[in-house]
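Undergrad: The numbering of the sequence shown is the numbering used here, which starts it at 607 and goes up by one.
Even for Gly, the Cβ is constructed at its ideal location relative to N, Cα and C.
Predicted model only: the values in this text are computed from it and were never measured.
Dumping the structure here so I can ask a few things about it.
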Amino acid sequence: MKVLGIETSCDECAAAVVDGGTILSNVVATQIPFHAPWQGVVPEIASRMHTEWIYGVVEKALKDPGLGPEDVEGVAVTAHPGLLGSLLVGLHFAKAFAWARDIPFIAVDHLLAHLYASRLRYPDAGADSGKTGAADIHCPDYPFLGLLVSGGHSAICRVDNFDDVTVLGTTIDDAVGEAFDKVAKFYGFGYPGGAVIDALAKTGDSGAFKFPMPKLYKIGKDGKDHRYDFSYSGLKTAVVNQLEQFRVKKKVDPAGDARDIAASFQKTAVGILLRGLFRAAADTGITTVVAGGGVAANSCLRSRLAEHGELRVIFPPPELCGDNGAMVAGLGERYLLRGDRSPMSETASARVGAFRKRYP
Ligand code: KG4
Ligand code: ZN
607 MKVLGIETSC
617 DECAAAVVDG
627 GTILSNVVAT
637 QIPFHAPWQG
647 VVPEIASRMH
657 TEWIYGVVEK
667 ALKDPGLGPE
677 DVEGVAVTAH
687 PGLLGSLLVG
697 LHFAKAFAWA
707 RDIPFIAVDH
717 LLAHLYASRL
727 RYPDAGADSG
737 KTGAADIHCP
747 DYPFLGLLVS
757 GGHSAICRVD
767 NFDDVTVLGT
777 TIDDAVGEAF
787 DKVAKFYGFG
797 YPGGAVIDAL
807 AKTGDSGAFK
817 FPMPKLYKIG
827 KDGKDHRYDF
837 SYSGLKTAVV
847 NQLEQFRVKK
857 KVDPAGDARD
867 IAASFQKTAV
877 GILLRGLFRA
887 AADTGITTVV
897 AGGGVAANSC
907 LRSRLAEHGE
917 LRVIFPPPEL
927 CGDNGAMVAG
937 LGERYLLRGD
947 RSPMSETASA
957 RVGAFRKRYP
């Protein structure tokens, strides 16, 4: 079923066509240069740019594989979570497209779509193609642990299937990608911070600075179970304080230590994720992990998980880690094929919609 997927939840204006879990096109128009001067996404700019770009992005997603609007058999769109004004642009475009063509329309959750990304494949995915098309969508391997790591959300979840996802652990403050972005902002490394820190860290000494791991105990002061949760605000503060020490106490330019700071921060940030993930794997006995979200592109996270011999870890190819329309089309196709439809009254929401939190 040829499904057009539309993604406008944040700063990527994206559209793709997926057929049978195979990616026919995947167009991502990034707004990063337009938000970079503010070192963060400006919601008003984001929604305006989506409005200007969405038509051209969808047109390209259809033209790339030689399709026209008449070939599309269903439309999927991200409805939550995200920036409300941005979500509404994609949602209304998708509704209008489906209504005009009289084809089914389905709204999907952005975070579930990130977890779905590694199930997609490319038409020419083969041993020599260099493209890592992943598992067959019709042969799901349940249950698995989902490691969802993006700029706005971080969670470890148990996926029994894509309708039954239980969040085991989540961040109690900042998301992991947000921590990368904020550290990079304070140090002036660039925006967005994740890829910049990842690159800087490659030639840095990850043992140069000792940053603290959050003390999350099984039952926290709030009486809740935090055994798989994360926290990034303490790490962020420690890394930022280090900058003050450079400036005020040592009176040195922190740029000289940029690589070591990046490597030390990254090592701790990844360590926080892995601590929760390894605990969840040990407690649940689930040994397959599927990663998704922008931070899943992180080389340190990938290599440290690869070193862990007992877990089978599936990562999407790097270009499917960040926001894209293919993951939306893929998950939407799954729903549409079994007959699910969203009403034209469907609304967008800034909040997470698909998960519930349950403690094991
Ligand atoms: O999934 P995504 O594209 O958007 C959201 O749904 O939030 O994730 C964006 C986040 C940003 O915080 C960005 O800094 C981070 O992913 N990111 C990375 C890397 N590439 C992108 N973080 C760490 N290492 C990377 N290589
Ligand atoms: Zn995302």
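Any idea what DSSP makes of K608, helix, strand or coil?
TA: By one-based count along the sequence shown, residue 608 stands at place 2. In this structure, K608 counts as strand in the three-state DSSP scheme.
Undergrad: Quick check on this structure: which residue in G928, N632, N847 has the alpha carbon closest to the alpha carbon of Y728?
TA: Reading the sequence shown from its first residue, position 122 is the one you call residue 728. Taking only the C-alpha atoms, the option nearest Y728 is N632.
Undergrad: My output table needs one value for N930: the three-state DSSP class, helix, strand or coil.
TA: Translated into positions along the sequence shown, residue 930 becomes position 324. If DSSP states are grouped into helix, strand and coil, N930 belongs with coil.
Undergrad: For the alpha helix (DSSP H) that V845 lies in, which residues bound it at each end?
TA: Within the sequence shown, numbered from 1, the residue matching residue 845 stands at position 239. Residues 839 to 850.
Undergrad: Have a look at T777, G877, V846 and flag the residue whose alpha-carbon is nearest the alpha-carbon of S812.
TA: Taking the sequence shown and counting its residues from 1, the one referred to as residue 812 is at position 206. Answer by Cα proximity: G877.
Undergrad: Per the contact definition of three or more C-beta pairs closer than 8 Å, is the region 653 to 663 in contact with the region 785 to 800?
TA: In short, these stretches do not touch, since the Cβ pair count stays below three.
Undergrad: Give a yes or no on whether the C-beta atoms belonging to A969 and A954 are separated by under 8 Å.
TA: Residue 969 falls outside the range modelled here, since the chain spans only 607 to 966, and no answer is possible.
Undergrad: Suppose you measure from the CA of I892 to the CA of L917; what does that come to, to the nearest Å?
TA: Translated into positions along the sequence shown, residue 892 becomes position 286. Translated into positions along the sequence shown, residue 917 becomes position 311. The straight-line gap from Cα to Cα measures roughly 8 Å.
Undergrad: Identify, in the order they occur along the chain, each residue of the same chain with its Cβ nearer than 8 Å to the Cβ of S735, setting aside the five sequence neighbours on each side.
TA: Numbered from its first residue, the sequence shown carries residue 735 at position 129. Interpretation of S735 is limited by its pLDDT of 47, a score under 50 that renders its predicted location unreliable; no figure is taken from the coordinates.
Undergrad: Taking 7 Å as the cut-off, is the C-beta of A903 nearer than that to any heavy atom in ligand 1?
TA: Start at 1 with the first residue of the sequence shown, and residue 903 comes out as number 297. Indeed, a heavy atom of ligand 1 lies less than 7 Å from the Cβ.
Undergrad: To the nearest angstrom, how far is it from the Cα of F817 to the Cα of F852?
TA: Locating residue 817 in the sequence shown gives position 211, counting from the first residue. Locating residue 852 in the sequence shown gives position 246, counting from the first residue. Rounded to whole angstroms, F817 to F852 spans 15 Å at the Cα level.
Undergrad: Given a threshold of 16 other Cβ atoms within 10 Å of its Cβ, counted over all protein chains shown, does D889 qualify as buried or as exposed?
TA: Along the sequence shown, read from residue 1 onward, the residue named residue 889 stands at position 283. When all chains shown are included, D889 counts as exposed.
Undergrad: Where in the region 747 to 820 do unbroken runs of the alpha helix (DSSP H), each at least 4 residues long, occur, reported from the N-terminal end onward?
TA: As far as the region 747 to 820 is concerned, its whole alpha helix (DSSP H) runs of at least 4 residues are 782 to 793, 799 to 807.
Undergrad: On the CB-based measure, 16 or more other CB atoms within 10 Å of its CB, does Y661 come out buried or exposed?
TA: As a first step, residue 661 must be located in the sequence shown, where it is residue number 55. So Y661 counts as exposed.
Undergrad: Along the alpha helix (DSSP H) that carries R881, what are the first and last residues, could you check?
TA: On the sequence shown, position 275 is the one that residue 881 refers to. Here the alpha helix (DSSP H) through R881 covers 864 to 890.
Undergrad: Among the candidates V846, K830, D929, L774, whose CA atom is the shortest distance from the CA of G794?
TA: Mapped onto the sequence shown, residue 794 falls at position 188. For the residues V846, K830, D929, L774, the minimum Cα distance to G794 belongs to V846.
Undergrad: Using the Cα positions of A869 and L806, report the straight-line distance between them to the nearest angstrom.
TA: Counting from 1 along the sequence shown, the entry for residue 869 is found at position 263. Counting from 1 along the sequence shown, the entry for residue 806 is found at position 200. Cα to Cα, the separation comes out at about 7 Å.
Undergrad: Looking at the secondary structure, which residues open and close the beta strand (DSSP E) in which L971 lies?
TA: Only positions 607 to 966 of the chain appear in this structure, which leaves residue 971 out of reach.
Undergrad: Taking contact to mean 3 or more Cβ pairs, one atom from each stretch, closer than 8 Å, check whether the region 776 to 788 and the region 892 to 906 are in contact.
TA: As far as the Cβ criterion goes, the region 776 to 788 touches the region 892 to 906, which means the pair count is three or higher.
Undergrad: According to the neighbour-count rule (16 or more other Cβ atoms, all chains shown, within 10 Å of its Cβ), is N767 buried or exposed?
TA: On the sequence shown, position 161 is the one that residue 767 refers to. The residue in question, N767, is exposed, as its Cβ has fewer than 16 Cβ neighbours within 10 Å.
Undergrad: Would you identify the three-state DSSP class for H832, choosing helix, strand or coil?
TA: As a first step, residue 832 must be located in the sequence shown, where it is residue number 226. Of the three classes helix, strand and coil, the one that applies to H832 here is coil, per DSSP.
Undergrad: Report yes or no: do the region 637 to 653 and the region 668 to 680 share at least 3 C-beta pairs separated by less than 8 Å?
TA: No, they do not touch.
Undergrad: Is it buried or exposed, S909, if we count other Cβ atoms within 10 angstroms and call 16 or more buried?
TA: Taking the sequence shown and counting its residues from 1, the one referred to as residue 909 is at position 303. S909 comes out exposed.
Undergrad: Might you give, ordered along the chain, the residues of its own chain that have their beta carbon closer than 6 Å to the beta carbon of F703, omitting 5 neighbours on each side?
TA: If you number the sequence shown from 1, residue 703 lands on position 97. V681, listed in sequence order.
Undergrad: So, for H720: in the same chain, excluding its five sequence neighbours on each side, which residues have a beta-carbon less than 7 Å away from its beta-carbon?
TA: Counting from one through the sequence shown, the residue named residue 720 turns up at place 114. Once the five neighbours on either side are set aside, the close Cβ partners of H720 are L754, S756, G898, G899, M933.
Undergrad: Does the Cβ of G646 lie closer than 7 Å to at least one heavy atom of ligand 2?
TA: For the purposes of this step, residue 646 is identified with residue 40 of the sequence shown, where counting begins at 1. For ligand 2, not one heavy atom lies less than 7 Å from the Cβ of G646.
Undergrad: My assumption, with CB atoms under 8 Å, is that S948 sits in contact with F699. Please give the rounded CB distance.
TA: Here residue 948 refers to the residue found at position 342 when the sequence shown is read from its first residue. Here residue 699 refers to the residue found at position 93 when the sequence shown is read from its first residue. Their Cβ separation, rounded to whole angstroms, is 14 Å, which puts S948 and F699 out of contact at 8 Å.
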